[in-house]
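S.K.:
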Amino acid sequence: MNETPFMLPVGLLLSDGQLHRAGQLRPATALDEIEPIGDDRVRRNEAYYGLLLLSRVVTRLGPYSPVPPEVIAALPAADYAYLQSLYASVNGQAFSGMAPGGAVAAPTQPVTAAGPAIIETECPHCGALLELNLDEGHA
Numbered sequence: 001m002n003e004t005p006f007m008l009p010v011g012l013l014l015s016d017g018q019l020h021r022a023g024q025l026r027p028a029t030a031l032d033e034i035e036p037i038g039d040d041r042v043r044r045n046e047a048y049y050g051l052l053l054l055s056r057v058v059t060r061l062g063p064y065s066p067v068p069p070e071v072i073a074a075l076p077a078a079d080y081a082y083l084q085s086l087y088a089s090v091n092g093q094a095f096s097g098m099a100p101g102g103a104v105a106a107p108t109q110p111v112t113a114a115g116p117a118i119i120e121t122e123c124p125h126c127g128a129l130l131e132l133n134l135d136e137g138h139a
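The numbering of the sequence shown is our numbering, which starts it at 1 and goes up by one.
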């Protein structure tokens, strides 16, 4: 499978002070989207579906390969939204994070052809409000 390299807008800050932004994401398989549905964590909290799905398709992030769900969960919200947008782009669909029964299982970021996907976020260092264009940095 072709993997897509990416650079996170904020990055994963580890306890040793190293910041990791580079990673790779592969296209999803049917099993990637189906298997997390049976996970007990998803049954208890459907929002966990998106974390499990992304941890299956993000093949590398900094020193992590494979990338466990706990690493995806530790990402800043802007990075999580970026990965959702990239997932949608790579897989030719809007990331819905839909769980069984149609309940929304993960935050969604609209993906439109009309313009760039822009989100507001806060700088983790100074608290300044920033606008991030999620379409920049990947083709």
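Beta carbons: idealized from backbone N, C-alpha and C, even for Gly.
For residue 67, which three-state DSSP category applies?
M.R.: Mapped onto the sequence shown, residue 67 falls at position 67. Reduced to three states, the DSSP call for residue 67 is coil.
S.K.: Beta strand (DSSP E) containing residue 21: first to last residue?
M.R.: Here the question's residue 21 lines up with position 21 in the sequence shown. Run containing residue 21: 19-25, per the beta strand (DSSP E) assignment.
S.K.: To which residues does DSSP link residue 8 through a beta bridge?
M.R.: The residue you call residue 8 lines up with position 8 of the sequence shown. Residue 8 pairs with nothing; no bridge assigned.
S.K.: Using C-beta distances below 7 Å, list every residue in its chain close to residue 51, excluding the 5 sequence neighbours before and after it, in chain order.
M.R.: Reading the sequence shown from its first residue, position 51 is the one you call residue 51. Correct list, in chain order: 69, 72 and 73.
S.K.: So, residue 32 versus residue 56, is the Cβ gap smaller than 8 Å?
M.R.: Looking up residue 32 in the sequence shown gives position 32. Looking up residue 56 in the sequence shown gives position 56. Yes. Within cutoff.
S.K.: May I ask you to report which of helix, strand or coil DSSP gives residue 35?
M.R.: To locate residue 35, count along the sequence shown from 1; it is residue 35. Of the three classes helix, strand and coil, the one that applies to residue 35 here is helix, per DSSP.
S.K.: Thinking just about the alpha-carbon of each residue, which of 63, 6, 24 and 5 is nearest to the one in residue 15?
M.R.: Counting from one through the sequence shown, the residue named residue 15 turns up at place 15. Shortest Cα-Cα distance from residue 15 to any of 63, 6, 24 and 5 involves 63.
S.K.: Within 10 angstroms of its Cβ, does residue 12 collect 16 or more other Cβ (buried), or is it exposed?
M.R.: What you label residue 12 is simply residue 12 of the sequence shown in a count that begins at 1. Buried is the call here.
S.K.: Using the C-alpha atoms, what's the distance from residue 38 back to residue 49?
M.R.: The residue you call residue 49 lines up with position 49 of the sequence shown. The residue you call residue 38 lines up with position 38 of the sequence shown. If I take the Cα positions, the gap works out to 10 Å.
S.K.: Can you give me the start and stop residues for the alpha helix (DSSP H) that residue 75 sits inside?
M.R.: In the sequence shown, counting from the first residue as 1, residue 75 sits at position 75. Premise fails: residue 75 is in no alpha helix (DSSP H) and is neither H nor E.
S.K.: Using CA coordinates, which residue listed in 54, 91 and 89 is at the minimum distance from residue 75?
M.R.: Taking the sequence shown and counting its residues from 1, the one referred to as residue 75 is at position 75. For residue 75, the nearest C-alpha among the options comes from 54.
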